[in-house]
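> This is the structure, below, for whatever I ask next.
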Amino acid sequence: MSEPLDSLTLDQIRLFVCVADEGSFSAAGRRLHRAQSAVSYGVANLEKLLGVQLFDRSGHRPALTETGRGLLSDAHRVLDAVGGLRSRAARVAEGLELGVSIAVDAICPAGLLIEFSRLFHERFPTVSLRIQTEVLEGVGALVADGSCEIGISGPIGADAQGLERRFLAYVPIVPVAASSHPLAGLPSPIARAQVHDLVQIVISQRTHSPSSGDHGVLSRKSWRVAEAGMKLQLIRAGLGWGNLPLAMVNDDLERGTLVRLVLEEWGSEPLSVPLYSIVRSDAPPGPAGQWLLGNLELVCQSCPQLGR
Numbered sequence: 034m035s036e037p038l039d040s041l042t043l044d045q046i047r048l049f050v051c052v053a054d055e056g057s058f059s060a061a062g063r064r065l066h067r068a069q070s071a072v073s074y075g076v077a078n079l080e081k082l083l084g085v086q087l088f089d090r091s092g093h094r095p096a097l098t099e100t101g102r103g104l105l106s107d108a109h110r111v112l113d114a115v116g117g118l119r120s121r122a123a124r125v126a127e128g129l130e131l132g133v134s135i136a137v138d139a140i141c142p143a144g145l146l147i148e149f150s151r152l153f154h155e156r157f158p159t160v161s162l163r164i165q166t167e168v169l170e171g172v173g174a175l176v177a178d179g180s181c182e183i184g185i186s187g188p189i190g191a192d193a194q195g196l197e198r199r200f201l202a203y204v205p206i207v208p209v210a211a212s213s214h215p216l217a218g219l220p221s222p223i224a225r226a227q228v229h230d231l232v233q234i235v236i237s238q239r240t241h242s243p244s245s246g247d248h249g250v251l252s253r254k255s256w257r258v259a260e261a262g263m264k265l266q267l268i269r270a271g272l273g274w275g276n277l278p279l280a281m282v283n284d285d286l287e288r289g290t291l292v293r294l295v296l297e298e299w300g301s302e303p304l305s306v307p308l309y310s311i312v313r314s315d316a317p318p319g320p321a322g323q324w325l326l327g328n329l330e331l332v333c334q335s336c337p338q339l340g341r
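Okay, structure coming up:
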């Protein structure tokens with residue numbers, strides 16, 4: 034047996050919202066090019082189906098009841114959702130994706146992510162964007178197994194077959210330690226022997242790759258974490274030293290909570306780690322993903338936190 038609300042229609046909800054917006058049944062009829070009687074009848078049927086009174090008709094003009102005011106926002110949400118559904122369905126019919134998934138290396142500056150996300154939303158407001166952060170070769174693994182369509186990755190291993198990569202920019206990486214750390218008080222450049230027995234905080238990827246290995250590890254003792262944010266917190270706490278993107282530690286360096294280290298092994302200039310966009314050769318992204326790939330290069334060129 035059907036429920037009373039099964040007979041509820043979008044047209045009735047639209048009439049309710051229009052009368053509330055216009056302030057009268059006649060004004061709503063003119064806006065919708067409908068007879069006043071049809072508008073009044075449609076709203077009355079909606080009230081009957083809902084079992085509530087939406088408008089007080091005792092005055093010269095219909096006034097929303099307290100219940101009507103409460104349900105008006107729900108009605109707006111229903112109409113907005115239906116409009117969004119229609120728009121998304123039309124885009125899909127044209128070949129546009131429902132969503133784009135991206136795997137991003139933790140060394141990628143937050144400013145870059147914010148800017149390309151903003152531009153993407155402006156261009157494709159109906160397409161959802163899913164951003165997943167990984168470290169090291171974990172980005173390539175997510176693209177290779179189809180979990181993500183696009184990757185923004187540091188160097189990928191020789192075993193990453195079936196992936197196409199395109200150079201975007203260089204990420205400046207610097208060794209840092211807390212101002213209270215023993216290395217902070219040493220004269221530059223610091224010899225490798227001076228860091229050999231001190232804890233180095235190292236990022237270790239979550240997924241295993243045959244070509245994975247240690248990157249930039251100089252100390253005999255290392256603590257391994259899977260997130261750049263945790264690495265930064267441990268270094269801030271003075272529990273070790275390590276390499277981090279310059280963009281991530283700039284504020285700490287300016288405040289003096291962290292100190293930039295000059296190591297004899299690497300010299301005084303920041304280490305430059307290449308950043309690439311990667312996709313699967315046999316599964317290129319759809320129109321929105323292709324637009325994002327093309328504009329990534331432009332955004333990287335204008336990002337002050339990256340080098341060319």
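Residue 105 in our numbering sits at position 72 of the sequence shown, with consecutive numbering throughout.
No residue lacks a Cβ here, since even glycine has one placed at the ideal position from N, Cα and C.
#1: Looking only at DSSP bridge pairs, what is PHE200 linked to?
#2: Between which residues of its own chain and ASP285 is the CB-CB distance below 6 Å, once the five residues before and five after are set aside?
#3: In this structure, how does DSSP classify GLY184 when only helix, strand and coil are distinguished?
#4: Could you check where the alpha helix (DSSP H) with GLN323 kicks off and where it finishes?
#5: Give the C-beta separation of LEU104 and LEU87 to the nearest angstrom, bearing in mind that I take them to be a contact with Cβ-Cβ under 8 Å.
#6: At the level of alpha carbons, what is the spacing between SER180 and ALA202?
#7: What would DSSP say about GLN194, mapped onto helix, strand or coil?
#8: Provide the residue(s) that pair with TRP274 in DSSP beta bridges, ordered along the chain.
#9: My output table needs one value for GLN165: the three-state DSSP class, helix, strand or coil.
#10: Hey, would you say LEU325 sits closer than 8 Å to PHE200, going by beta carbons?
#11: Kindly list the residues whose CB is nearer than 8 Å to the CB of VAL232, restricted to its own chain and excluding five residues on each side of it in sequence; keep chain order.
#12: When you compare the segment 171 to 179 with the segment 312 to 323, are there three or more beta-carbon pairs, one atom per stretch, that lie closer than 8 Å?
#13: Label GLU182 either buried or exposed according to how many other C-beta atoms from any shown protein chain fall within 10 Å of its C-beta, with 16 as the threshold for buried.
#14: So GLY132 is in the beta strand (DSSP E); what residue range does that whole segment cover?
#15: Helix, strand or coil: how does DSSP classify SER245 here?
#16: Going by DSSP, name the residue or residues bridged to PHE149.
#17: Using CA coordinates, which residue listed in SER70, PRO142, VAL76 is at the minimum distance from VAL2?
Per the coordinate set shown:
#1: Per DSSP, TYR309.
#2: Cβ within range, chain order: LEU291.
#3: Strand at GLY184.
#4: That run of the alpha helix (DSSP H) goes 320 to 335.
#5: Right, their Cβ atoms sit about 7 Å apart.
#6: Distance between the alpha carbons of SER180 and ALA202: 24 Å.
#7: DSSP places GLN194 in coil when its eight states are reduced to three.
#8: Paired residues: GLN233.
#9: Note: GLN165 maps to strand in three-state DSSP.
#10: With contacts defined as CB atoms closer than 8 Å, LEU325 and PHE200 fail to qualify as a contacting pair.
#11: Sequence-distant partners of VAL232 (beyond 5 residues in either direction) whose C-beta falls short of 8 Å from its own C-beta, in its chain, are SER252, LYS254, SER255, TRP256, LEU272, GLY273, TRP274.
#12: They touch, by the three-pair rule.
#13: Burial state of GLU182 is buried, judged by a 10 Å Cβ sphere holding 16 or more other Cβ atoms.
#14: From DSSP, the beta strand (DSSP E) with GLY132 extends over 132 to 138.
#15: Note that SER245 scores 49 on pLDDT, short of 50, meaning its location in the model is unreliable and no value can be drawn from it.
#16: According to DSSP, PHE149 bridges with nothing at all.
#17: Outside the modelled stretch of the chain, which goes from 34 to 341, sits residue 2, for which no answer is possible.
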